[in-house]
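Sequences listed follow chains A and B, in order. For reference, each letter of the first sequence is one residue, going 181 to 503 in this note's numbering. For reference, each letter of the second sequence is one residue, going 207 to 456 in this note's numbering. Report on the following structure.
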Amino acid sequence: MVGNGLHSSPSPPAPLPKGEGRPAANPFAPSALEKRKKLKETVAQWVLAAVTLSLIVPVVGILAYLLVQAWPVLTPSFLLENPQNYMTAGGIWAPLVGTFFLVLLSLLAAAPIGILAGVYLNEYAGDNWATRIINLAVMNLAGVPSIVHALFGVGAFVLFAGMGRSLLAASCTLGVMTLPVIITSTREALSSVPMAFREACWNMGATRWQTIRTIVLPNSISGILTGVILQVSRAAGETAPILFTGAVFFVPVADHGWDSFFPYGLGDRCMALSMHLFTLATQVRGVSDEVQYGTALVLIGLVLAVNSFSIGLRVYLRSRKKW
Amino acid sequence: MRIHVQFEHVTVSYGAKTALDDVSLEIPEKQILGIIGPAGSGKTTLLRCINRTIDFVAGAKVRGRVLIDGEDIFRIRNVYELRRRVGMVFPLPVGLPLSVYENVAYAPRRAGLHDRHELDMLVETCLRQAMLWDEVKDRMQMLGTKLSGGQQQRLTLARALSLRPEILCLDEFSIAIDPVTTMRIEDILRELKSEMTIVLVTNLVQQARRLADRTAFLSAGRLIEVDETETIFTKAANRLTERYVTGDVG
């Protein structure tokens, strides 16, 4: 009865082709097929790497060009002095401070609302028609062009809320613009915390809020913060939303002392870097190229610095991930 | 013998699929009830009804009543108190991203226990009962998520015990634990029986035979038979039960 077992029926599968010309001495020498595979692999790798590398060419090119062109004006006084002589001379202190306050106030307005809404949508809201409509609204809000945000800002904040054209109105407009992205990045950060953690807590009688406060938020706060910080650069770079809502060509501000650090009140119109650059380039005659390039370099440098900080923070916090 | 948990014509459906079909079952106090049955027979669904974690399953509909001490738990408002009274261990080991100590102290803290000394005592007791104490006593500040799978499973058991529940539901608790440790935990469960009612879902038929006072056999969402464990294993009334416990299921 030997041989009448389970493997009696079909013949064993044919062995894989060994490849022509494989020397008997070296069983690991590549066959012709393997050589072709290796060639394709190498080509694919180099093409993909070349395309990826080409991404940094524009960034480096723009930065290098700006740096070369702006070199003559790059002194500390360029940053610390106010524009003079109808903006054809002096520095960029007033618009720099304006941008700082615009971004700070817009995040103060948008971050709490965005984070709390993201927590609600991810942790509490059930899957029903109301949630779907809100999700759709958030997605659409993220896709609205910034000039439309500007017009909304004029209607809602400048006119309806009676803020007038002011730092506050411009900040609120920027806040509305950054809100949907903050909501979305908050939700992504929250949903990266495994569901099993929440269920383990609920099983032990923890309420949803206790679970959020003790497990979900501590393990997603890094992702949430990164999302918020990335919005700094977006808010700093936008011109359209502040164009009609609070930013102006020129505001004479204090050169020295305490007042130069807080040159604008909430109800005042302010200067901003992006707006300043637009003005220098198109509205004022006799501005030297160096001043324009210098302003552009400071703006892009600011954005790059904030983004790099955010990426560094993300890398650092990811290395401390707890599971 | 007092009835602790009572299922009255409980039917649970997930959309078109019926997971539990008209189950009526009485679970006596301070005994171990074993629940056996093939995959998809509704064992886990039955457990989820006892502490209402079935609420988290999207689309699950429950009909009928589940009574604990005569109270319909699907009508109570304080579901958190219910879950504190019913400890639950699911088969997937979950270490919370907290220290080993805080893993076990988590639920008592949320329930309002803050006395450091009492917490220390409680954490040690629970870890000892879960047979984990000797392995972690020198590294209580280590992250629970960094323990091995079997250790995390025992950590899950320790957490379930941390509220001194009156009902303990175990769903395949020994799946990631080695046989020797499993035997020791089984001894602990026999001791814990004097304090709490234990519902033990297991695929290891012999584990039910070793531990359970009574055993229930589920198949395709229906309760086929429930009786004294010895009766189920030696003279089952139903042919299906007999074939399942003797391994003749093919």
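The beta carbon of each residue, even a glycine, is placed where N, CA and C say it ideally should be.
Comparing alpha-carbon positions, which option in B:E397, B:T403 and B:L376 lies nearest B:T250? Taking the first residue of the second sequence as 1, we reach residue 250 of chain B at position 44. Checked all of B:E397, B:T403 and B:L376; the closest Cα to B:T250 is B:L376.
If the cut-off is 7 Å on Cβ atoms, which residues from the region 293 to 309 of chain B count as contacting chain A, listed in chain order? Along the region 293 to 309 of chain B, going in chain order, the ones with a CB nearer than 7 Å to a CB of chain A are M294, L298, V300, L302 and P303.
For a test of the three-state rule: what should DSSP assign to B:E232, helix, strand or coil? Taking the first residue of the second sequence as position 1, residue 232 of chain B is located at position 26. Residue state, collapsed to three classes: strand.
A:T511 bridges to which residues according to DSSP? Nothing can be reported for residue 511 of chain A: it is not among the residues displayed for chain A, which extend from 181 to 503.
What does a CB cutoff of less than 6 Å around B:V368 pick up in its chain, not counting 5 residues either side in sequence? Counted from its first residue, the second sequence places residue 368 of chain B at position 162. The question names Val, but residue 368 of chain B in the sequence shown is Ser. Take B:S368, set aside five residues on each side of it, and the residues of its chain with a beta-carbon closer than 6 Å to its own are V310, A313, P314 and C332, in chain order.
In its own chain, which residues sit with a C-beta less than 6 Å from the C-beta of B:T224, not counting the 5 before and 5 after it? Here residue 224 of chain B refers to the residue found at position 18 when the second sequence is read from its first residue. A distance below 6 Å between beta-carbons, with the five flanking residues on each side excluded, links B:T224 to the following residues of its chain, in chain order: G427.
Quick check: the Cα distance between A:E470 and A:P292, rounded to an integer number of angstroms? As a working note, residue 470 of chain A is residue 290 in the first sequence. As a working note, residue 292 of chain A is residue 112 in the first sequence. Those two C-alpha atoms are separated by around 40 Å.
Answer with yes or no whether the minimum CB distance from A:L395 to chain B is below 8 Å. Stepping through the first sequence from its first residue, residue 395 of chain A is reached at position 215. Note on residue identity: the sequence assigns Ile, not Leu, to residue 395 of chain A. At least one chain B Cβ lies under 8 Å of A:I395.
Collapsed DSSP secondary structure at A:K501 in the structure displayed: Locating residue 501 of chain A in the first sequence gives position 321, where the first residue counts as 1. Reduced to three states, the DSSP call for A:K501 is coil.
Does the Cβ-Cβ distance between A:G474 and A:V253 come in under 8 Å? As a position in the first sequence, residue 474 of chain A is number 294, starting the count at 1. As a position in the first sequence, residue 253 of chain A is number 73, starting the count at 1. The Cβ atoms of A:G474 and A:V253 lie closer than 8 Å to each other.
Can a CB atom of chain A be found closer than 8 Å to the CB of B:R271? Mapped onto the second sequence, residue 271 of chain B falls at position 65. False, the Cβ-Cβ gap to chain A never drops below 8 Å.
Tell me whether B:A266 sits in a helix, a strand or coil according to DSSP, three-state version. Along the second sequence, read from residue 1 onward, the residue named residue 266 of chain B stands at position 60. DSSP places B:A266 in strand when its eight states are reduced to three.
Since B:G240 and B:T421 should fall inside the 8 Å C-beta cutoff, what is the C-beta to C-beta distance between them, to a whole number of angstroms? For the purposes of this step, residue 240 of chain B is identified with residue 34 of the second sequence, where counting begins at 1. For the purposes of this step, residue 421 of chain B is identified with residue 215 of the second sequence, where counting begins at 1. Sure, about 4 Å apart at Cβ, within 8 Å.
Under 7 Å: does the beta carbon of A:Y473 sit that close to some heavy atom of the ligand COA? Ligands are entirely absent from the displayed structure, and the ligand COA is therefore not among its contents.
Members of the region 241 to 258 of chain B near chain A, C-beta cut-off 8 Å: Those would be N257, in chain order.
Backbone secondary structure at B:A212 - three-state DSSP: In the second sequence, the residue the question calls residue 212 of chain B occupies position 6. It is worth fixing the name first, because residue 212 of chain B is Gln in this sequence and not Ala. If DSSP states are grouped into helix, strand and coil, B:Q212 belongs with the strands.
How would you write the range of the alpha helix (DSSP H) that B:I394 sits in, first residue to last? Working through the second sequence from its first residue, we reach residue 394 of chain B at position 188. In the DSSP annotation of this structure, the continuous segment of the alpha helix (DSSP H) that includes B:I394 starts and ends at P385 to L398.
Under 8 Å by Cβ, that's how I've got B:T408 and B:I373 pegged, so tell me the actual separation to the nearest angstrom. Position 202 of the second sequence, counted from the start, is the residue given in the question as residue 408 of chain B. Position 167 of the second sequence, counted from the start, is the residue given in the question as residue 373 of chain B. With 8 Å as the limit, B:T408 and B:I373 do not qualify as a contact, their Cβ atoms being about 17 Å apart.
Which residues share a DSSP beta bridge with A:G270? For the purposes of this step, residue 270 of chain A is identified with residue 90 of the first sequence, where counting begins at 1. According to DSSP, which records beta bridges pairwise, A:G270 is partnered with A:P263.
Would you say A:G385 reaches chain B, if we count a Cβ-Cβ gap shorter than 8 Å as a contact? By 1-based counting over the first sequence, the position of residue 385 of chain A is 205. It does; some Cβ of chain B falls within 8 Å.
Beta-carbon proximity check, A:W273 vs A:L284, cutoff 8 Å: Here the question's residue 273 of chain A lines up with position 93 in the first sequence. Here the question's residue 284 of chain A lines up with position 104 in the first sequence. Contact: no.
Buried or exposed: A:G333, going by 16 or more other Cβ atoms within 10 Å of its Cβ? Counted from its first residue, the first sequence places residue 333 of chain A at position 153. Per the 10 Å Cβ criterion, buried.
Pull up the CB-CB distance for B:T259 and B:M207, whole angstroms please, since I reckon it's below 8 Å. Taking the second sequence and counting its residues from 1, the one referred to as residue 259 of chain B is at position 53. Taking the second sequence and counting its residues from 1, the one referred to as residue 207 of chain B is at position 1. Contact doesn't hold; Cβ gap of about 27 Å is too wide.
Rounded to a whole number of angstroms, what is the C-alpha to C-alpha distance between A:F441 and A:F430? By one-based count along the first sequence, residue 441 of chain A stands at place 261. By one-based count along the first sequence, residue 430 of chain A stands at place 250. Annotation: A:F441 to A:F430 spans about 17 Å, alpha carbon to alpha carbon.
B:S219 in three-state terms, based on DSSP: The sequence position of residue 219 of chain B within the second sequence is 13, counting from 1. DSSP places B:S219 in strand when its eight states are reduced to three.
Using Cβ-Cβ distances below 9 Å, what residues of the region 324 to 343 of chain B are close to chain A? Result list empty, no residue passes.
Is A:A369 close to chain B? Criterion is C-beta to C-beta, closer than 8 Å. Locating residue 369 of chain A in the first sequence gives position 189, counting from the first residue. Judged by the 8 Å Cβ criterion, A:A369 is not in contact with chain B.
Over what stretch of residues does the beta strand (DSSP E) that includes B:K421 continue unbroken? Within the second sequence, residue 421 of chain B is the residue found at index 215, counting from 1. A small correction: the amino acid at residue 421 of chain B is Thr; Lys does not occupy that position in the sequence shown. Here the beta strand (DSSP E) through B:T421 covers R420 to S425.
Cα-Cα separation, A:L457 to A:A229: In the first sequence, the residue the question calls residue 457 of chain A occupies position 277. In the first sequence, the residue the question calls residue 229 of chain A occupies position 49. Near 36 Å, if we compare the C-alpha coordinates of A:A229 and A:L457.
If we define contact as Cβ-Cβ less than 8 Å, is B:G456 a contact residue for chain A? If you number the second sequence from 1, residue 456 of chain B lands on position 250. Any reading at B:G456 needs caution, since the residue's pLDDT is 46, under 50, leaving its predicted position unreliable; the model's value is listed next. Cβ-Cβ to chain A under 8 Å: no for B:G456.
Does the distance from the CB of B:Q212 to the CB of B:E232 come in under 8 Å? By 1-based counting over the second sequence, the position of residue 212 of chain B is 6. By 1-based counting over the second sequence, the position of residue 232 of chain B is 26. Closer than 8 Å, so yes.
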